[in-house]
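A short write-up of the structure that comes next.
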Amino acid sequence: MQTGLQWEYPDPGSSERIQNRNWNPVGISRTRTGTQHRDPEPELGSNGNIQIRDPGIDIRHDKDRKVRRKEPKSQDIYLRLLVKLYRFLARRTNAPFNRVVLKRLFMSRSNRPPLALSRLVCALRVTRGARTRILRAGGSILTFDQLAMASPKGKGTVLLSGGPYVRSKGPKFERARGRRASRGYKN
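Just so we're aligned, residue 1 is where the sequence shown starts under UniProt numbering, counting upward by one.
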């Protein structure tokens, strides 16, 4: 029976020859791309049989980093003091409230959206008009350091976030190519 490169006898004393397609004298084989790689070396198993171990797979770890902010980009000293305060509270108290506030203090301005006044209790910044309306209605405005003094674990507080500033991000979102001078519309 002729199937490949090398003739092989199935058992000693037999005159029948079988050709082994996978026989390779050096242990080098070719892949489809034409590059050469060395076949895995045979090893002796625990039961005495020869085992061939496959080589491991190289996993790329160059893009494994977790992308998240660990500090605010802003150099505002008051914001950085608040971060220092809430970092301490998140570490020392076991309340998830402080961890969420700390995470939101790291956010960019576009990810710190505005809220309706009816929900407002404590904020980084309040406009003059909003301040007068809150005080006239009998409410009080807290800063985050005052909130940390009043409720270090965030008991009785509800964290809210408004919708994003824009419906979508990106320069090409829902922007058609427009009319052409020679015809009404070009595909």
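Beta carbons are placed, not taken as given, at the ideal position from N, Cα and C, and that holds for glycine.
Note that the structure is a prediction, hence the values are computed from the model and not measured.
query: Where ILE77 sits in the DSSP three-state scheme; result: helix
query: Member of CYS122, ALA148, ARG80 and ASN94 whose CA lies at the smallest distance from the CA of GLU71; result: ARG80
query: Beta-carbon proximity list for ILE141, same chain, < 7 Å, skipping 5 on both sides; result: VAL126, ARG131 and ILE134
query: Backbone secondary structure at LEU142 - three-state DSSP; result: strand
query: Cα-Cα separation between TYR78 and GLY170, rounded to whole angstroms; result: 31 Å
query: Burial state of GLY158, where buried means 16 or more other Cβ atoms lie within 10 Å; result: One detail in the question is off: residue 158 reads as Val in this sequence, not Gly. Result: exposed.
query: Proximity to residue 194 [Cα-Cα], best of THR143, ASN98 and PRO55; result: In the structure as shown, the chain starts at 1 and stops at 187, and residue 194 therefore has no counterpart that could be examined.
query: Inter-residue spacing [alpha-carbon to alpha-carbon] between THR143 and PRO164; result: 22 Å
query: LEU160 - containing alpha helix (DSSP H), residue span; result: Neither: LEU160 is in no alpha helix (DSSP H) and is coded neither H nor E.
query: Exposure of LEU89, with buried meaning 16 or more beta-carbon neighbours within 10 Å; result: buried
query: Contacts around LYS153, its chain only, beta-carbon distance under 7 Å, and the 5 residues preceding and following it disregarded; result: THR93, ALA95 and PHE97
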